[in-house]
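Chains as they are written, first to last, in my numbering: chain A, 2 to 387; chain B, 2 to 387.
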């Protein structure tokens, strides 16, 4: 298949592109390098040194013999988006190309507005480009488990059978997202469901859990193929951050009492899930939602798992939770669709964490420790108030 | 109370400002005149001749002795929005200032993007201004019944008690909106609910039905106080449009089989509902939703009502439905909250329609009849495809 990976220079977009290419698909990547730009703004960088996109693409050609297409530009530029869809002519578009950090969206008003405009407009342009140029293109869109919040009922895969006053309907699952970033994904989901209904687009919305890990079979082939690893409190995801804190001998910073629960997934399963979604497309007119997680744990349990695996002293430090979220809550998630398509999960294990310790140790000298402390708080509408 | 009416130059914003002023409140209006601009783009104008905002404000001072504050600018300009909230210091902000026509949002990609960015960013800026400057300001936000779509269960007021697999939760009512405009309002509602949760804002979301009528007690006091009346297929609401078609001797254009149902409300009840919402504010942290309708009818029934009332020959013409919507569907709406606050509805009556006939006859020479025919279609992603 011809598969276009939007955000193909990012933490997950890059390994996904390699995985799809290795599986024999004709792959192109698209990126505007906003993710690298956020690092300059925040004064941090990926723990792992990453090559330029051009260097990575060349390295992959040398290592694998496969050529990746490359498009450099911004989805909010509709002319560019239409050009790419026409020029590459994909069967499927995998859409990672959004601002993806909840804390970044909560810095202040400008970051909230940027996040929602960037994500919603990029996605609208993509939907229109598909609808106008080739509505048979399968849209594989990355969402997040954080769209659901923590309801007191089971989280189903995007839709809910509702019975009310003796009548029934199948409805979109009600969302209670936890940041302006998570809200942007809810907006996208509603827009895509509508496009499926009126234009007959085929879409898969992947509500992904927190991703952990750094290496996939493909990125391990050459150092130039490394994907980024974010450790800072804005872009670093929880397990990766805890591993880095353990290696540095810093306390693992648990927000609140730590009983808040996160759906999780190994990076190797992420790339496999995307492959499964592409190779088993949604029907025309179908808005299909998969919960892309393999297990869930409380933040406290994640910290204790890292503590148990680490060959040395580890302490936990409970910080006041910068987020506004429920800490003690029910959490049960249905996630059968990807298993039925053939996913064989890598559950969180000591082995995974140990391999992550090795990566982190190799690059620990690159860490700016102060960037591990949270500075963005949900209760205050802005850091820079006049 | 000090009440700021955003979109105070529009069809409903203007009569609402007068009504609140007449009720003794200290009122200011804000507008960017985008609504007048759409008329230039579409080559139409309000059936009723409307004065400039400056002329209207002066006329109201002469007629009533009350001074309205006036702010000219755009909510997507955050500096302006913050300035107005600081300068006027309202107790309540009534937010009508959004692009409000479903067909306008469906013209093509640019209009869809404009509608969502304009509405979502204006509302985000307003939420942040309230949160940073004075979080006790009550946000009274205009939504639409079109956010719900036509579910097969009763439509409740914004929230739904869900029972699922033996567990219960109170969740946001699942939405299935019918255009990119309606989607923008769903996005707003999610953003506001979140702001109530994290910042303790007090908000009332008014999901309004299709408004009909043109005169309120205040606009009738002087011709310079007239509000606009849109008859074109893009901005004209269904009953108003049918009345104009009847007066012109044109067939009433019913889309599809006409069995699709609309929640409705008289313009005199709209202004009263806003007053009731302002005078009985939401609690801090509360996201309160009212369904602002008084009755519902199918489009066919609306056409037949106009036909019955009109003193002359009327024909109905069924056009292919330009929208993608269910035509034969269940429709039952809970709308008790505003009644409990004291609303005494004006139900659709022959008297109302007759008074509307009189207004229309007076200005019928201003109509461009071709503007009554629908040109925007939901199934096609754009009118201007290259």
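Using N, Cα and C, we set each Cβ at its ideal position, and we do this for glycine too.
**Report entry** Residue range of the alpha helix (DSSP H) that includes residue 128/A
**Finding:** 110-134
Query - Exposure of residue 258/A, with buried meaning 16 or more beta-carbon neighbours within 10 Å - result: exposed
Requested in this report: Would you kindly check if the distance between the Cβ of residue 269/B and the Cβ of residue 347/B is under 8 Å?
Outcome: yes
Report task. Can you say whether residue 73/B is buried or exposed, counting buried as having 16 or more other CB atoms within 10 angstroms of its CB? Result -> exposed
Query raised in the report: residue 361/A: which of 2/A, 50/A, 13/A sits nearest, CA to CA?
Result: 50/A
**Report entry** Own chain partners of residue 193/B with C-beta closer than 8 Å, once the 5 adjacent residues on each side are dropped
**Finding:** 124, 128, 140, 142, 202, 204, 206, 288
Query raised in the report: For the segment 244-270 of chain A, which segments carrying the beta strand (DSSP E) assignment without a break, of at least 3 residues, lie completely within its bounds, in sequence order?
Result: 253-256, 262-267
Query raised in the report: How many Å lie between residue 388/A and residue 13/A at the Cα?
Result: As displayed, chain A neither begins before 2 nor continues past 387, which places residue 388/A out of reach and without an answer.
Query - Limits of the unbroken beta strand (DSSP E) element including residue 3/A - result: 3-7
Requested in this report: For residue 132/A, I'd like the list of residues in its chain whose CB is within less than 8 Å of its CB, leaving aside the five on either flank, ordered along the chain.
Outcome: 196, 200, 202
**Report entry** According to DSSP, residues forming a beta bridge with residue 289/B
**Finding:** 205/B
Query - Beta-carbon gap between residue 230/A and residue 61/A smaller than 8 Å - result: no
Query raised in the report: When you compare each of 4/B, 285/B, 330/B to residue 168/A by their alpha carbons, which one comes out closest?
Result: 330/B
Requested in this report: Mind listing the chain B neighbours of residue 142/A? Cutoff is C-beta to C-beta under 7 Å, in chain order.
Outcome: Going along chain B, no residue has its Cβ under 7 Å from residue 142/A, so there is no contact; the nearest lies around 15 Å.
Report task. Give the single residue among 238/B, 107/B, 19/B whose Cα lies nearest to the Cα of residue 179/B. Result -> 107/B
Requested in this report: Identify whether residue 187/B lies in helix, strand or coil by the three-state DSSP scheme.
Outcome: helix
Query raised in the report: Which residues, in chain order, does the segment 98-120 of chain B contribute to contact with chain A at a C-beta distance below 7 Å?
Result: 110, 113, 114, 117, 118
**Report entry** Nonlocal neighbours in the same chain, by C-beta distance under 6 Å from residue 327/A, ignoring five residues either side
**Finding:** 151
Query raised in the report: Roughly how many angstroms separate the alpha carbons of residue 340/B and residue 71/B, rounded to a whole number?
Result: 32 Å
Query raised in the report: If you follow the alpha helix (DSSP H) that residue 362/A is part of, which residue opens it and which one closes it?
Result: 351-364
Query raised in the report: Would you call residue 309/B buried or exposed, if buried means 16 or more other Cβ atoms sit within 10 Å of its Cβ?
Result: exposed
**Report entry** the segment 187-199 of chain B: positions lying closer than 7 Å to chain A by Cβ
**Finding:** 187, 188, 191, 192, 195, 198, 199
Query raised in the report: Is it the case that the Cβ atoms of residue 182/A and residue 105/A are separated by a distance below 8 Å?
Result: yes
Query - Contact list for residue 122/A against chain B, beta-carbon separation under 7 Å - result: 114, 118
Query - Endpoints, beta strand (DSSP E) assigned at residue 299/B - result: 296-299
Query raised in the report: Any beta-carbon of chain B closer than 8 Å to the one on residue 208/A?
Result: no
Requested in this report: Determine, using beta carbons only, whether residue 268/B comes closer than 8 Å to chain A.
Outcome: no
Query raised in the report: Using a C-beta to C-beta distance shorter than 9 Å, which residues of chain B count as neighbours of residue 129/A?
Result: 109, 110, 113, 114, 382, 383
Query - Below-8 Å beta-carbon distance, residue 177/B vs any chain A residue - result: yes
Query raised in the report: Taking C-alpha atoms, which residue in 274/B, 255/B, 119/B lies nearest to residue 373/B?
Result: 255/B
Query raised in the report: In whole angstroms, what separates the C-alpha of residue 64/B from that of residue 27/B?
Result: 16 Å
Query raised in the report: Whose Cβ in chain B lies nearer than 8 Å to the Cβ of residue 169/A?
Result: 153, 154
Report task. Would you check if the distance between the CB atom of residue 154/A and the CB atom of residue 155/B is smaller than 8 Å? Result -> no
Query raised in the report: Do you know offhand how far residue 350/A's Cα is from residue 251/A's?
Result: 22 Å
Query raised in the report: Which partner residues does residue 212/A have in the DSSP bridge list?
Result: 266/A
Query raised in the report: Expressed to the nearest angstrom, what Euclidean distance is found between the alpha-carbon atoms of residue 82/A and residue 163/B?
Result: 40 Å
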